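Enquirer: Chains as they are written, first to last, in the UniProt record's numbering: chain F, 1 to 263; chain D, 1 to 595.
Beta carbons: idealized from backbone N, C-alpha and C, even for Gly.
Note that the structure is predicted; figures quoted are calculated from it, not measured.
The structure that follows is given in the form of structure tokens.
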Ligand SMILES: Cc1cc2nc3c(=O)[nH]c(=O)nc-3n(C[C@H](O)[C@H](O)[C@H](O)COP(=O)(O)OP(=O)(O)OC[C@H]3O[C@@H](n4cnc5c(N)ncnc54)[C@H](O)[C@@H]3O)c2cc1C
Ligand code: SF4
Ligand code: FES
């Protein structure tokens, strides 16, 4: 992040646009089969698959397909969503076996010749269809004390922080708490007590913030049995993160910080 | 009837709700009810910045900020409120920094600031750097920081609790001048627990509405699916007026066809708009500040370009946002998220290609009327004790007829904080208002009538028709004819709404049912907006009437107030009464708004 405030170059008043600029043209349509994992204990303890045949467009995402199902075929299909453009973290789900946000996954980027499967994320209790209980996930998050702790007296103006110090933890500030990482982690699947990558990412965000004074306390928490050492570096989390956060790298940096502190 | 008792109940956990909760939670027993997990709130989608005259990078002061806000709002701003906001802006930003918000920094380590539309030095002389920001995810960082501080202060959340009703009682009272009137008192709220389908009543001395906007009355919108105007509609149904609902902001740069926002920060960082001839057309419409003119002016200019045949693409229905003259490194540092939106959703590479954009419904300037303490008004000046509103659901009114960019993240922080403090203070001295027997009856009736409805209409279809009409007729350009047509469509949709059915009849996570309830709110709000737009026979800020293209201060320099009233008639619409409320002036005389 550079912070210099250079004057932007003054752009030309008129330019020749390349032909066809801005894309456009007919949006292609295609047919898909969407296989949705269904579960509703009010109706049956058994989970099942439902299949829907849909005609979709080139700009559509998996969320659009789910909406089409809910709005035109079966209103009982249940999933969370809000922002619809990858910033609120509501709709992490397993799409063709991989954790992704439904609103950020374009159908055209999937193999539409085969059925597209949609399941709830793993490792958290399923409540209904694609909706899981997020409480255990947020509980781990809360345990790492995800807030700035600073000793000393408060300055009257802002605390100073150099652009370099600010850059140090930039990546981990992007987290939207979608749980795609944590619920893609094989350690988390077998041991629900493990803090999981998302909690560690959020600890990283404070440990490497030059304004925070509670790094030791946080490292202590993460040095716990269920802390960073459970991570076996399978990289699932980094692949799953829709915000492009280098989750495994963040965990490695936290591990390193725990070690350095010990020595 | 399950009844919970709190001193303060806050409805909504976006920026305004959580800012209020941080104050109130430290002073009084507080619960936050929210239909979404707090971090899912749409404040997190805000990109560009939050303004305050910190003067960290160049000369600035809060008086200039006040002026810009008032002029930007086309003089329909209550000037006392704008002054409070601009003054308290500085502390609002510093509060967030102290809570941990990772703002971008200047080389000296101070909070960095950038330009944004309509923010100027010395009353319009030149753009000024006033917006504090964290890359292009300022709202995300505000939402996260506020949530983090709620965790720190152990704020009690009821997540996925949908508030569906407000408990208001009326008492006979007498004004100072001896006239009798009905004083409203608030007793609490009624909510629906998504997980179990159960109804919970929350009794509270103070209730703070912070439930956000109503963008989903439109098809093309930057707003989340969940922004269905619940708080406004609930208040309206209980006889509380709504102020200035005709004023909706259409943000110039939504991704064409999708409505996903590309922040004004792009233009703040130097991006410009071009038409199909490659012309930087804003030079014609706003010669001084060009592409950084306020949003209503830019959005209208874009729509005009398209209407006059200078649109791009196969249907000539959008214009282009050009960033290609900017350094890729600069784009990556300042605008990483929005350029990724262009890549992901339109497949366009902003380094080398201009991005197709068109105005998208973005922000409701109107809402529940409050004074500068966040207290809700039941008419032009009678406060409802214990009832507060802040954020997009409210109208204080700091945005008048057009909000300046970065003034909403500011609004939610300044007035969220105020509402939280005053709500807690009120609760410390006030008594509970008794919750009447059967307080949940109306909500149960509402929910069960939807669950058991066995009509033939589909909720999604009605919603689509509503949104299509609103986009076609109540968007950037409005006429008497387009508005009347819309009212007819809404009337017939309301009729058809009585004949819906839903498929999910269960209790658990029944979002099918809630979407139907939300559509009810949308229909009410669309009607209020359209009626108010029809009655404002002038053009001002975000409201542009082609049949009355000029601002008309003699007749319309006043807020509109819409009331639900069985005995009234607003034009063709029965049951709505339209009234006016004077604008508060302190020191700025209305001038022609030129940039
Ligand atoms: C894409 C985008 C970008 C933006 N960028 C900027 C910017 O750069 N600068 C700026 O100043 N402004 C910006 N804005 C505007 C600004 O972000 C919003 O106006 C502001 O965040 C609204 O905050 P809020 O707290 O009022 O509501 P929200 O953040 O929308 O929160 C609403 C809350 O109410 C809850 N709720 C709603 N209904 C109910 C109910 N019935 N029961 C219980 N809870 C309920 C929801 O769960 C949610 O928690 C932007 C807006 C958008 C859409
Ligand atoms: S680190 Fe990435 S995947 Fe994990 S919760 Fe945060 S945003 Fe989601
Ligand atoms: S709906 Fe918000 S992230 Fe997908």
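1. Please return the same chain residues whose Cβ sits closer than 7 Å to the Cβ of residue 4 of chain F, not counting the five positions on each side in sequence.
2. Quick check on residue 252 of chain D: buried or exposed, where buried means 16 or more other Cβ atoms within 10 Å of its Cβ?
3. According to DSSP, is residue 454 of chain D helix, strand or coil?
4. Kindly indicate if chain D contains any beta-carbon less than 8 Å away from that of residue 221 of chain F.
5. Contact between the stretch 206-215 of chain D and the stretch 464-471 of chain D is defined here as three or more beta-carbon pairs at a separation below 8 Å; is this criterion met?
6. Should the stretch 435-454 of chain D be regarded as contacting the stretch 182-197 of chain D, the criterion being three or more beta carbon pairs within less than 8 Å?
7. Reducing DSSP to helix, strand and coil, say where residue 159 of chain D ends up.
8. Quick check: what's the CA-CA separation for residue 360 of chain D versus residue 260 of chain D?
9. Starting from residue 416 of chain D and walking both ways along the alpha helix (DSSP H), at which residues does that stretch end?
10. Taking all protein chains shown into account, decide if residue 18 of chain D is buried (16 or more other Cβ within 10 angstroms of its Cβ) or exposed.
11. Does the beta-carbon distance from residue 218 of chain F to residue 203 of chain F come in below 8 Å?
12. Could you pull the start and end residues of the beta strand (DSSP E) that residue 234 of chain F belongs to?
13. Exposed or buried, residue 114 of chain F, counting other C-beta atoms within 10 Å across all chains shown (16 or more means buried)?
14. What separation, rounded to the nearest whole angstrom, lies between the Cα atoms of residue 416 of chain D and residue 258 of chain F?
15. What runs of the beta strand (DSSP E), each 3 residues or longer, lie entirely inside the stretch 1-40 of chain D?
16. Look up residue 621 of chain D in the DSSP assignment and say whether it is helix, strand or coil.
17. Just how far apart, CA to CA, sit residue 436 of chain D and residue 495 of chain D?
18. What does the alpha-carbon distance come out to for the pair residue 272 of chain D and residue 357 of chain D?
19. Quick check on residue 265 of chain F: buried or exposed, where buried means 16 or more other Cβ atoms within 10 Å of its Cβ?
20. Given 8 Å as the limit, is there contact between the stretch 200-207 of chain D and the stretch 215-226 of chain D, that is, 3 or more CB pairs closer than that?
21. Would you check if there are 3 or more beta carbon pairs closer than 8 Å linking the stretch 114-125 of chain F to the stretch 128-138 of chain D?
22. Ends of the beta strand (DSSP E) at residue 56 of chain F?
23. Starting from the beta carbon of residue 111 of chain D, find every residue of chain F whose beta carbon is closer than 7 Å, and list them in chain order.
24. Hey, which residues come within less than 7 Å of ligand 2, measuring from Cβ to any heavy atom, in chain order?
25. How would you label residue 296 of chain F, buried or exposed, when you count the other beta carbons within 10 angstroms and need 16 or more for buried?
26. Going by the DSSP bridge assignment, what does residue 29 of chain F pair with across the sheet?
27. Anything in chain F within Cβ reach of residue 209 of chain D, meaning under 7 Å, just list it in chain order.
28. Measure the Cβ-Cβ separation of residue 263 of chain D and residue 338 of chain D and say whether it is below 8 Å.
29. Which of helix, strand or coil does DSSP assign to residue 295 of chain D?
30. For residue 148 of chain F, go through chain D and note every residue whose CB falls closer than 7 Å to its CB, in chain order.
31. Establish whether the CB of residue 14 of chain F and some CB of chain D are separated by less than 8 Å.
32. Please tell me whether residue 152 of chain F has its Cβ less than 8 Å away from any Cβ of chain D.
33. Using only the alpha-carbon positions, how far apart do residue 533 of chain D and residue 55 of chain F sit?
34. When you check each C-beta in the stretch 491-518 of chain D against every C-beta of chain F, which residues fall closer than 7 Å?
35. Taking 8 Å as the threshold (C-beta atoms), are residue 83 of chain F and residue 16 of chain D in contact?
36. Where do the N-terminal and C-terminal ends of the beta strand (DSSP E) with residue 651 of chain D fall, by residue?
Expert: Based on what the coordinates show:
1. With a pLDDT of 47 at residue 4 of chain F, under the threshold of 50, the modelled position of this residue cannot be trusted; read the value that follows with caution. Counting only Cβ-Cβ distances below 7 Å, and skipping sequence neighbours, we find nothing.
2. Buried.
3. Three-state DSSP puts residue 454 of chain D in a strand.
4. Chain D has no Cβ within less than 8 Å of the Cβ of residue 221 of chain F.
5. Cβ pair count under 8 Å is below three, so no.
6. Enough Cβ pairs lie closer than 8 Å, so yes.
7. Of the three classes helix, strand and coil, the one that applies to residue 159 of chain D here is strand, per DSSP.
8. CA-CA distance, residue 360 of chain D to residue 260 of chain D, rounds to 8 Å.
9. Where residue 416 of chain D is concerned, the enclosing alpha helix (DSSP H) stretches over 407-429.
10. Flag for residue 18 of chain D reads buried.
11. Between residue 218 of chain F and residue 203 of chain F, the gap from beta carbon to beta carbon is short of 8 Å.
12. For residue 234 of chain F, no beta strand (DSSP E) encloses it, and the DSSP letter there is neither H nor E.
13. By the beta-carbon neighbour count (other beta carbons within 10 angstroms, threshold 16), residue 114 of chain F is exposed.
14. Going from the Cα of residue 416 of chain D to the Cα of residue 258 of chain F covers about 39 Å.
15. If we require 3 residues or more, the beta strand (DSSP E) runs fully inside the stretch 1-40 of chain D come out as 2-11, 30-34.
16. As displayed, chain D neither begins before 1 nor continues past 595, which places residue 621 of chain D out of reach and without an answer.
17. Straight-line measurement puts the Cα of residue 495 of chain D at about 32 Å from the Cα of residue 436 of chain D.
18. In this model, residue 272 of chain D and residue 357 of chain D are separated by some 11 Å (Cα to Cα).
19. Residue numbering for chain F in the displayed model covers 1 to 263; residue 265 of chain F lies beyond these limits and cannot be assessed.
20. Cβ pair count under 8 Å is below three, so no.
21. Output reads no: the stretch 128-138 of chain D does not touch the stretch 114-125 of chain F.
22. DSSP places residue 56 of chain F inside the beta strand (DSSP E), whose first and last residues are 44-57.
23. Here the neighbours are 158.
24. Per the Cβ criterion, the list is F:89, F:92, F:174, F:175, F:176, F:177, F:178, F:179, F:180, F:181, F:182, F:197, F:198, F:201, F:237, F:240, F:241, F:242, F:243, F:245, F:247.
25. This structure does not reach residue 296 of chain F, given that chain F is present from 1 up to 263, and the question cannot be answered.
26. Residue 29 of chain F is bridged by DSSP to F:57.
27. Contact annotation for residue 209 of chain D against chain F: no contact, minimum CB-CB distance about 19 Å [criterion: below 7 Å].
28. The answer is yes: Cβ separation under 8 Å.
29. Correct three-state label for residue 295 of chain D: helix.
30. Result: 99, 100.
31. Yes, contact with chain D.
32. By the rule that beta-carbons nearer than 8 Å mark a contact, residue 152 of chain F does not touch chain D.
33. Those two C-alpha atoms are separated by around 38 Å.
34. Listed in sequence order: 502, 503, 504, 506, 507, 508, 509, 511, 512.
35. Pairing residue 16 of chain D with residue 83 of chain F gives a Cβ-Cβ distance that is not under 8 Å.
36. For residue 651 of chain D there is no data in the structure shown, the boundaries of chain D being 1 and 595.
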